[in-house]
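Chains as they are written, first to last, in full-length UniProt numbering: chain R, 1 to 137; chain D, 1 to 137.
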């Protein structure tokens, strides 16, 4: 799935083509971002949710390793570059209007995804009383 | 988990509190939105990804049925109001910085989530040749 950033097709104004076509037409929002959900390919667990700009998506397709755009740092971010938690792409699913991706990955390093040390970023649940609980604790 | 919109706590500037605390402090972006991923509670399948503003999140917590903010229509959107595909909340997971939610749901109506008729919005995969394929076809 090697693809250069400038070869990514533009979204179609024809909803039928965008939603039912076979052409990958990633739709970036007004900030130039789309949303990506990383899922552990082995377990199906959702690991994290982050954003990609055109450059990050192209780098992901070119290398087979997931790159995001860090909104807080304002730059390209190769996941795992410092932590070793490299996310190798196994499969990319695209939603109806092509503004969101589910990326099934194999994770390097310790197998986790969250900078807090948790395996998944979604380590807290909203309890009945409105407070957050950590089910795994 | 009933909660009025105006009683939702604000995000903390203390990362430790935001990431490890027990207080739900949903973090809306510059557009007043956070991201929600709806997951079928029975199967674990990702059904859709959409956005919530403060009103939509509060309505979700108050009613136990998922409400989103439609970016295209610019208004509150109770999922399933016309289609019958009501999403009843079973569990809400919150990510580290509290700007994304995973909502495990039971789906009413025909059990689907996508306006195209597909069960999940993620019905296409990016194939090796860079085109989109429908694995279920």
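Built from N, CA and C at the ideal position, the CB exists for glycine as well. Predicted, not measured: the structure shown is a model, and the values here were computed from it.
Any idea which residues DSSP pairs residue i with across the strands?
i: residue 67/D; result: 78/D
i: residue 88/R; result: 65/R, 106/R
i: residue 93/D; result: 125/R, 102/D
i: residue 187/R; result: Missing from the structure shown is residue 187/R; chain R here goes from 1 to 137 and no further.
Compute the beta-carbon to beta-carbon distance between residue i and residue j, rounded to the nearest angstrom, for a pair I have assumed lies under 8 Å.
i: residue 93/R; j: residue 124/D; result: 7 Å
i: residue 37/R; j: residue 46/D; result: 7 Å
i: residue 89/R; j: residue 105/R; result: 6 Å
i: residue 14/R; j: residue 33/R; result: Their Cβ separation, rounded to whole angstroms, is 23 Å, which puts residue 14/R and residue 33/R out of contact at 8 Å.
i: residue 83/R; j: residue 109/R; result: 6 Å
i: residue 57/R; j: residue 8/R; result: 7 Å
i: residue 19/D; j: residue 114/D; result: Not a contact, Cβ separation roughly 33 Å.
i: residue 35/R; j: residue 35/D; result: 6 Å
i: residue 21/R; j: residue 24/D; result: Rounded, the Cβ-Cβ distance is 40 Å, inconsistent with contact.
Would residue i be called buried (16 or more neighbouring beta carbons within 10 Å of its own) or exposed?
i: residue 73/D; result: exposed
i: residue 29/D; result: exposed
i: residue 79/D; result: buried
i: residue 112/D; result: buried
i: residue 133/D; result: exposed
i: residue 128/D; result: exposed
i: residue 26/D; result: buried
i: residue 100/D; result: buried
i: residue 70/D; result: exposed
Quick one: is residue i near chain D, going by C-beta distance under 8 Å?
i: residue 94/R; result: yes
i: residue 126/R; result: yes
i: residue 65/R; result: no
i: residue 130/R; result: yes
Looking at chain R, is there any beta carbon in it that lies within less than 8 Å of the beta carbon of residue i?
i: residue 57/D; result: no
i: residue 38/D; result: no
i: residue 107/D; result: no
i: residue 46/D; result: yes
i: residue 23/D; result: yes
i: residue 17/D; result: no
May I have a chain-ordered list of the beta strand (DSSP E) segments no shorter than 3 residues that lie completely inside the region 7-51 of chain D? 34-40
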